[in-house]
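Participant: Can you read through this structure? Questions will come right after.
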Amino acid sequence: MDKVVASAADAVADIPDGATIAVGGFGLCGIPTVILRALLEQGATNLEAVSNNAGVDDAGLGLLLGAHRLRRIVASYVGENKEFARQYLSGELEVELTPQGTLAERLRAGGSGIPGFYTITGAGTQIADGGLPWKYAEDGSVAVSSPAKDTREFSTFGQTNTYVLEEAIAADFALVRAAVGDRHGNLVFHESARNFNPIAAMSGKTTIVEVEKLVEPGDIDPHDVQLPGVYVHRVVELTPAQAADKRIEKLTVREPGQEG
2 MDKVVASAAD AVADIPDGAT IAVGGFGLCG IPTVILRALL EQGATNLEAV
52 SNNAGVDDAG LGLLLGAHRL RRIVASYVGE NKEFARQYLS GELEVELTPQ
102 GTLAERLRAG GSGIPGFYTI TGAGTQIADG GLPWKYAEDG SVAVSSPAKD
152 TREFSTFGQT NTYVLEEAIA ADFALVRAAV GDRHGNLVFH ESARNFNPIA
202 AMSGKTTIVE VEKLVEPGDI DPHDVQLPGV YVHRVVELTP AQAADKRIEK
252 LTVREPGQEG
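Numbering (the working numbering), first residue to last: 2 to 261.
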């Protein structure tokens, strides 16, 4: 089945208001920049985003955030986005902060048909006990708090610990980026850009991927496939200029002649 669509605009045309989107990438590494910009131009609003982070103020999910298209974010790290902090603290945005490994497993579980799992991460904290501020009111009070989660005792390796029940995430749409993809949706990621992309793709009921290089079925060695095409529904081929447009989140350089 040829899953290639004509454009990013066509790929996101049916994403409705209120949809949940899982977005791959880590910081600015491996983020689906072209698809996110197409979604911004498409106009869908009131979205819930599931992503390791919220991009920066003028890139990635930060574009949707700045346009007030997001009502809720499930994320692990959001420290590089001033607009995110402003919207959260002013009560404009609901935020569910989730431990990074837990978020990764919730996405993977959603794509594997596993409704939930127990993890030791967060036991004995507000992650388990509830009370984390998800949303503030305009006056600075807490309008919505995280609920308490089910906990159980399990014995592993001769030691008994408390574990926290975490529910899987199954997104309406997943937006990801890959280095190489074929027309059947089989994907290969470039080094650390692999990050959250495969598990975000797994979690989506409809998964849209932008590929830097499109090849024909059979051109990718089966041993090199990092995400099989069964998880992918639409493939967008990037232009060379789009593929090369990769921002550096923080650039640190030394002065000429400076040692170390």
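Idealized CB from N, CA, C, for every residue including glycine.
Grouping DSSP H, G and I as helix and E and B as strand, with all else coil, what is residue 94?
Facilitator: Note: residue 94 maps to coil in three-state DSSP.
Participant: In terms of alpha-carbon separation, which member of 124, 65 and 241 lies closest to residue 212?
Facilitator: Nearest option by C-alpha distance: 241.
Participant: Taking only runs that begin and end inside the region 28-62, name each unbroken alpha helix (DSSP H) of 4 or more residues, in chain order.
Facilitator: Correct list: 34-43.
Participant: Give me the DSSP bridge partner(s) of residue 148.
Facilitator: BP columns for residue 148 are empty, so no partner.
Participant: Just mark residue 52 as buried or exposed, buried being the case when its beta carbon has 16 or more other beta carbons within 10 Å.
Facilitator: That one is buried.
Participant: How many whole angstroms separate the CB atoms of residue 22 and residue 176, which I take to be in contact at a CB cut-off of 8 angstroms?
Facilitator: With 8 angstroms as the limit, residue 22 and residue 176 qualify as a contact, their Cβ atoms being about 6 angstroms apart.
Participant: With 16 as the cutoff for other CB atoms within 10 Å, does residue 254 come out buried or exposed?
Facilitator: When all chains shown are included, residue 254 counts as exposed.
Participant: Leaving out five residues on either side along the sequence, give the residues of the same chain with a beta carbon under 6 angstroms from the beta carbon of residue 162.
Facilitator: Once the five neighbours on either side are set aside, the close Cβ partners of residue 162 are 121.
Participant: Cα-Cα, which of 33, 5 and 232 is closest to residue 247?
Facilitator: Checking every option, the nearest Cα to that of residue 247 belongs to 33.
Participant: In chain order, what are the residue ranges of uninterrupted alpha helix (DSSP H) at least 4 long that sit wholly in the region 152-218?
Facilitator: Here the runs fully enclosed are 198-204.
Participant: Compute the Euclidean distance between the alpha carbons of residue 14 and residue 82, then round it to the nearest angstrom.
Facilitator: Straight-line Cα distance between these residues: approximately 27 angstroms.
Participant: State the Cα-Cα distance for the pair residue 131 and residue 251, rounded to the nearest angstrom.
Facilitator: Going from the Cα of residue 131 to the Cα of residue 251 covers about 35 angstroms.
Participant: Does the distance from the C-beta atom of residue 25 to that of residue 202 stay below 8 angstroms?
Facilitator: Yes, the pair counts as a contact, with Cβ atoms nearer than the cut-off.
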